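There are 2 protein chains.
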Amino acid sequence: MSATQQSVFKALADPTRRAIIKSLQRGSQTAGELAESFPISRASLSHHFNTLKAADLVRTERRGQHIVYSLNATVVEEATAVLLDVLGGGRRGKGGREKETS
Amino acid sequence: MSATQQSVFKALADPTRRAIIKSLQRGSQTAGELAESFPISRASLSHHFNTLKAADLVRTERRGQHIVYSLNATVVEEATAVLLDVLGGGRRGKGGREKETS
DNA sequence: CGTATATTTAGACATCTGTCTAAATATATA
DNA sequence: TATATATTTAGACAGATGTCTAAATATACG
Chain A
-6 MSATQQSVFK ALADPTRRAI IKSLQRGSQT AGELAESFPI SRASLSHHFN TLKAADLVRT
54 ERRGQHIVYS LNATVVEEAT AVLLDVLGGG RRGKGGREKE TS
Chain B
-6 MSATQQSVFK ALADPTRRAI IKSLQRGSQT AGELAESFPI SRASLSHHFN TLKAADLVRT
54 ERRGQHIVYS LNATVVEEAT AVLLDVLGGG RRGKGGREKE TS
């Protein structure tokens, strides 16, 4: 399954990471390709990649010297579902507390 | 309109604040009522309220000594739309607001 | 007015976060 | 092997975040 709900929302809280996600939505990219789109050091970018990987929002695959990043849309869907649940009217299981998968 | 996209995702990044939002989905509550549900001080809770208000995720209304908090579902919907946009394959919304409203 | 209740603000403090530069690791290729 | 390229890791640092206690503010009521 995915990482914790907490790690996903934490990852989504940074604008650079949201931009990375959005960029990957158009297709997989190597770390170097992504780096060309962002005005921060490659080391900082790598740090963001770690956060995104911890949330399972992106997957990686080595291709020669390069590492290819791709979006894991399933986790984005799960985050969407969490928000939709808040909107949904919430007659959840008989007065029971929702299990907050933090 | 709503606050920045950044303030909304920042607000959603904390599990206590997500729980507050979820609690308010069942109906408006006073600060004191909410405080009974969370094992942190009222001062800390008030701090979270400020973050949620900054994101326009909640609205307040004074009722006597009490302050009533209610969910602003519109902003939750907007956050959902941002995530759906990532999933959607980049179809543009009318109005063309592609700018990252960080 | 004076006191009780409800909530927020102020100040402090430890921890987390995003960034950087420098160094390390991994792969490709001459 | 030696060297170049790609990416990550290590260490440092300023600023943000979440929490607390104590004090301040706002309203209600005797």
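First to last, the protein sequences are chains A and B. Numbering-wise (the working numbering), the first sequence opens with residue -6 and increments by one. Numbering-wise (the working numbering), the second sequence opens with residue -6 and increments by one. Here a beta-carbon is modelled for each residue, glycine too, at the ideal position from N, C-alpha and C. Keep in mind that this is a model prediction, so the values were computed, not measured.
I60/A in three-state terms, based on DSSP: Here the question's residue 60/A lines up with position 67 in the first sequence. Three-state result, I60/A: strand.
Under the rule that 16 or more other beta-carbon atoms within 10 Å means buried, what is H41/A, buried or exposed? As a working note, residue 41/A is residue 48 in the first sequence. When all chains shown are included, H41/A counts as buried.
Please work out which residues of its chain come closer than 8 Å, Cβ to Cβ, to F31/A, disregarding the five sequence neighbours upstream and downstream, and give them in chain order. For the purposes of this step, residue 31/A is taken as the residue at position 38 of the first sequence. For F31/A, the CB contacts under 8 Å within the same chain, skipping 5 residues up- and downstream, are T9, A12, I13, L38 in chain order.
Return the chain-ordered ranges of every alpha helix (DSSP H) run that is complete within the stretch 16 to 62 of chain A and spans a minimum of 4 residues. 24 to 30, 35 to 47
Taking all protein chains shown into account, decide if Q58/A is buried (16 or more other Cβ within 10 angstroms of its Cβ) or exposed. Numbered from its first residue, the first sequence carries residue 58/A at position 65. So Q58/A ends up on the exposed side.
Is it buried or exposed for T67/A, if we count other Cβ within 10 angstroms and need 16 for buried? For the purposes of this step, residue 67/A is identified with residue 74 of the first sequence, where counting begins at 1. Flag for T67/A reads exposed.
Range of the contiguous alpha helix (DSSP H) that encloses T67/A: By 1-based counting over the first sequence, the position of residue 67/A is 74. First-last of the alpha helix (DSSP H) with T67/A: 66 to 80.
For K87/A, which residues of its own chain have a beta-carbon under 6 Å away from its beta-carbon, when the five flanking residues on both sides are left out? Taking the first sequence and counting its residues from 1, the one referred to as residue 87/A is at position 94. Note that K87/A scores 40 on pLDDT, short of 50, meaning its location in the model is unreliable; the coordinates nonetheless yield the value given after this. Nothing meets the Cβ criterion.
Quick one: using the 10 Å Cβ neighbour count with 16 as the cut-off for buried, is K92/A buried or exposed? As a working mapping, residue 92/A is identified with position 99 in the first sequence. Residue confidence is low: K92/A scores 45 on pLDDT, short of 50, so the model does not pin down where it sits. Its coordinate-derived value is still stated next. Its Cβ having fewer than 16 others within 10 Å, K92/A is exposed.
If I measure Cβ to Cβ from I33/A and keep anything under 8 Å in the same chain, skipping five residues before and after, which residues do I get? What you label residue 33/A is simply residue 40 of the first sequence in a count that begins at 1. Closer than 8 Å at Cβ, skipping near neighbours: T9.
Taking the beta carbon of G89/B as the centre, do at least 16 other beta carbons fall within 10 Å, making it buried, or is it exposed? One-based indexing of the second sequence puts residue 89/B at position 96. For G89/B, the predicted structure reports a pLDDT of 40, less than 50, and the residue's modelled location is therefore unreliable. The matter cannot be settled from this model.
CB of A48/A within 8 Å of CB of A4/A, strictly: On the first sequence, position 55 is the one that residue 48/A refers to. On the first sequence, position 11 is the one that residue 4/A refers to. Going by C-beta atoms, A48/A is nearer than 8 Å to A4/A.
Quick one, which of F2/B, I60/B, A6/B, Q(-1)/B has its alpha-carbon nearest Q22/B's? As a first step, residue 22/B is located in the second sequence; it is residue number 29 there, counting from the start. Checked all of F2/B, I60/B, A6/B, Q(-1)/B; the closest Cα to Q22/B is I60/B.
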